[in-house]
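Participant:
Shown next as structure tokens:
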């Protein structure tokens, strides 16, 4: 029997409760992983947050992401807010992503200001058959993206359905015979948005060419159709590139020299398409985290030279 006064017993702390971390909230947290991406540059600023489940035995996982972006590339100022929900299958050689995307875009081009809303269903496939995903010299990789959706336009833009297609291919091949010791690479991209001319497809879903992984010699996303003297996104795009490279010195096998030629453009329709050409030379350092590329390229149309930097292998 406890002989202590009641007032003293009331002041004693309650027995501690043991938390084993096995509740539904703790389980949900352990089965999710988070990823964030911040992009800060002169013309493009963005923040992306993604939550995804851990891969299941069938290598599939669910994902949800939200993205805010202010894009000043080209001559259109776009503020984009996007939400994406999807399911991803991912292996070392192949990826399949099915997702629904909601995009709110506020765009300013000259004196025109439009706020459009687009919702779309999308399917993306990626195939990789490379001797190395980090430093490839032989094989290929490809991407195909097909989507369809509906736009709710505002201002001068009409509402209506749209379709979107994008295809990319990259090929790597070592040469033999007289070119033994040289390595070749080529890439191509083809893209199109299908919609009535008056439908206000957001700028983010349209296409611009130019830059490190497009047409070197031209600024990033500077090639596209003109509207009232401004460069805007096009509904069709095609680009291609060919490059040959080899180690500069036998004593430095990780440092390569390269020469290349690029061509491509974006346009409002295929009848208006006219390719721009860039060419030049560069240096490749095959670093442990992927190739570091420094290129000096000349835009054939303007005669101006531009320096380009890029890291890694992109598709």
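In the working numbering, the protein residues as written are 3 to 317.
Ideal Cβ positions, reconstructed from N, Cα and C, are used throughout, including at glycine.
1. Along the chain, where does the beta strand (DSSP E) that runs through residue 280 open and close?
2. For residue 242, which residues from the same chain have a beta carbon less than 8 Å from its beta carbon, with the 5 sequence-adjacent residues on both sides left out?
3. Is DSSP giving residue 50 helix, strand or coil here?
4. Tell me which residues share the same chain as residue 308 and place their Cβ nearer than 6 Å to its Cβ, disregarding the 5 neighbours each side in the sequence.
5. Do residue 262 and residue 239 count as a contact pair if the criterion is CB distance below 8 Å?
6. Does the distance from the C-beta atom of residue 123 to that of residue 149 stay below 8 Å?
7. If you draw a straight line from the C-alpha of residue 143 to the C-alpha of residue 110, how long is it?
8. Distance check for residue 249 and residue 285, CA to CA, integer angstroms please.
9. Roughly how many whole angstroms lie between the Cα atoms of residue 211 and residue 246?
10. Using CA atoms only, rank isn't needed, just tell me which of 33, 127, 67, 134 is closest to residue 291.
11. Would you identify the three-state DSSP class for residue 179, choosing helix, strand or coil?
12. Based on DSSP bridge pairs, tell me the residues matched to residue 109.
13. Taking C-beta to C-beta, are residue 85 and residue 65 nearer than 8 Å?
14. Out of 282, 217, 276, 259, state which residue places its alpha-carbon closest to the alpha-carbon of residue 293.
15. Check the C-beta distance from residue 166 over to residue 201 and give it rounded, since I have them as a contact under 8 Å.
16. Locate the beta strand (DSSP E) running through residue 67, then write down its first and last residues.
17. Within a Cβ cutoff of 6 Å, which residues of the same chain sit near residue 102, ignoring the five residues on either side of it in sequence?
18. If you follow the beta strand (DSSP E) that residue 311 is in, where does it begin and where does it stop?
19. Does DSSP put residue 215 in a helix, a strand or coil?
20. Have a look at residue 274 and residue 236 and give me their C-alpha separation to the nearest angstrom.
21. Smallest Cα separation from residue 244: which of 100, 70, 280?
22. Nearest to residue 169 by alpha carbon, out of 146, 224, 186?
23. How is the beta strand (DSSP E) around residue 145 delimited, first residue to last?
24. Cutting at 6 Å between CB atoms, please list the residues of its own chain near residue 205, excluding the five before and the five after it.
25. How should residue 118 be labelled, buried or exposed, when 16 other C-beta atoms within 10 angstroms of its C-beta is the threshold for buried?
26. With distances taken from CA atoms, which of 72, 207, 131 is nearest residue 164?
Facilitator: According to the structure shown:
1. The count along the chain shown starts at 1 and reaches residue 280 at position 278. Run containing residue 280: 278-289, per the beta strand (DSSP E) assignment.
2. In the chain shown, residue 242 corresponds to position 240, counting from 1. If we look at residue 242 and ignore the five residues flanking it on each side, its Cβ neighbours are 188, 189, 190, 191, 264, 265, 266.
3. If you number the chain shown from 1, residue 50 lands on position 48. In this structure, residue 50 counts as strand in the three-state DSSP scheme.
4. What you label residue 308 is simply residue 306 of the chain shown in a count that begins at 1. 219, 299, listed in sequence order.
5. Mapped onto the chain shown, residue 239 falls at position 237. Mapped onto the chain shown, residue 262 falls at position 260. Going by C-beta atoms, residue 239 is not nearer than 8 Å to residue 262.
6. Counting from one through the chain shown, the residue named residue 123 turns up at place 121. Counting from one through the chain shown, the residue named residue 149 turns up at place 147. Contact flag set, yes.
7. The count along the chain shown starts at 1 and reaches residue 143 at position 141. The count along the chain shown starts at 1 and reaches residue 110 at position 108. Rounded to whole angstroms, residue 143 to residue 110 spans 36 Å at the Cα level.
8. On the chain shown, position 283 is the one that residue 285 refers to. On the chain shown, position 247 is the one that residue 249 refers to. C-alpha separation (whole angstroms): 10 Å.
9. The residue you call residue 211 lines up with position 209 of the chain shown. The residue you call residue 246 lines up with position 244 of the chain shown. Between residue 211 and residue 246, the C-alpha separation is close to 22 Å.
10. The count along the chain shown starts at 1 and reaches residue 291 at position 289. Taking only the C-alpha atoms, the option nearest residue 291 is 134.
11. Your numbering for residue 179 matches position 177 in the chain shown. Helix, per DSSP.
12. Reading the chain shown from its first residue, position 107 is the one you call residue 109. 80, 116, per the DSSP bridge assignment.
13. Working through the chain shown from its first residue, we reach residue 85 at position 83. Working through the chain shown from its first residue, we reach residue 65 at position 63. It is not a contact, given that the beta carbons lie outside the stated cut-off.
14. Numbered from 1 along the chain shown, position 291 holds the residue referred to as residue 293. For residue 293, the nearest C-alpha among the options comes from 259.
15. Indexing the chain shown from 1 puts residue 166 at position 164. Indexing the chain shown from 1 puts residue 201 at position 199. Not really, about 12 Å apart at Cβ, beyond 8 Å.
16. Along the chain shown, one-based indexing puts residue 67 at 65. Its beta strand (DSSP E) spans residues 62-73.
17. Within the chain shown, residue 102 is the residue found at index 100, counting from 1. Excluding sequence neighbours, residue 102 sits near 87, 123.
18. Within the chain shown, residue 311 is the residue found at index 309, counting from 1. Residue 311 -> beta strand (DSSP E) spans 307-313.
19. Locating residue 215 in the chain shown gives position 213, counting from the first residue. Coil, per DSSP.
20. Here residue 274 is taken as the residue at index 272 of the chain shown, counted from 1. Here residue 236 is taken as the residue at index 234 of the chain shown, counted from 1. Cα to Cα, the separation comes out at about 10 Å.
21. Reading the chain shown from its first residue, position 242 is the one you call residue 244. Considering only alpha carbons, the answer is 280.
22. Within the chain shown, the letter at position 167 stands for residue 169. Considering only alpha carbons, the answer is 146.
23. Position 143 of the chain shown, counted from the start, is the residue given in the question as residue 145. It spans 141-154 - the beta strand (DSSP E) in which residue 145 sits, taken as one unbroken run.
24. Start at 1 with the first residue of the chain shown, and residue 205 comes out as number 203. 78, 80, 109, 235.
25. To locate residue 118, count along the chain shown from 1; it is residue 116. Residue environment: residue 118 is assigned as buried (16 or more neighbouring CB atoms within 10 Å of its CB, all protein chains considered).
26. Within the chain shown, numbered from 1, the residue matching residue 164 stands at position 162. Residue 164 has its Cα closest to that of 207, out of 72, 207, 131.
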